[in-house]
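According to the working numbering, the sequence shown holds residues 20 to 103 in order.
All C-beta atoms in this analysis are idealised placements derived from N, C-alpha and C, irrespective of residue type, glycine included.
Structure first, commentary second.
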Amino acid sequence: ICTLRLPDFLGVTELYDRLKERGFIIYRCKADLAARHVQIANMGELPDATIDGFLTAVTAVVETARRRSDTLDGRTPVAAGPIP
20 ICTLRLPDFL GVTELYDRLK ERGFIIYRCK ADLAARHVQI ANMGELPDAT
70 IDGFLTAVTA VVETARRRSD TLDGRTPVAA GPIP
């Protein structure tokens, strides 16, 4: 299990809902971590294509939220480069 802190421009519910639409389920944290953190986990072996699909989906959701936040803040959105 990995616990991840979300950036300020992305809420837990938005990430959860957008990933669920794409076929991935993440877990909401409880108590003090509930507002800004999620958990991801897997059991067993996953094909590379599934992992790549999850990472692609997360990237798309985060970048969409970032562009929206930048636009609302009056900044010019910058396209994300490749993930190293």
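By the Cβ test, the stretch 24-39 is in contact with the stretch 50-68, since at least three Cβ pairs between them sit closer than 8 Å. For ASP67, there are no CB contacts under 7 Å within the same chain when 5 residues up- and downstream are skipped.
In the structure shown, the three-state DSSP call for ILE59 is strand.
Contact between the stretch 72-89 and the stretch 38-45 is present: three or more C-beta pairs spanning the two stretches fall below 8 Å. With respect to the 9 Å criterion, LEU29 and ARG85 are classified as neighbours on the basis of their beta carbons.
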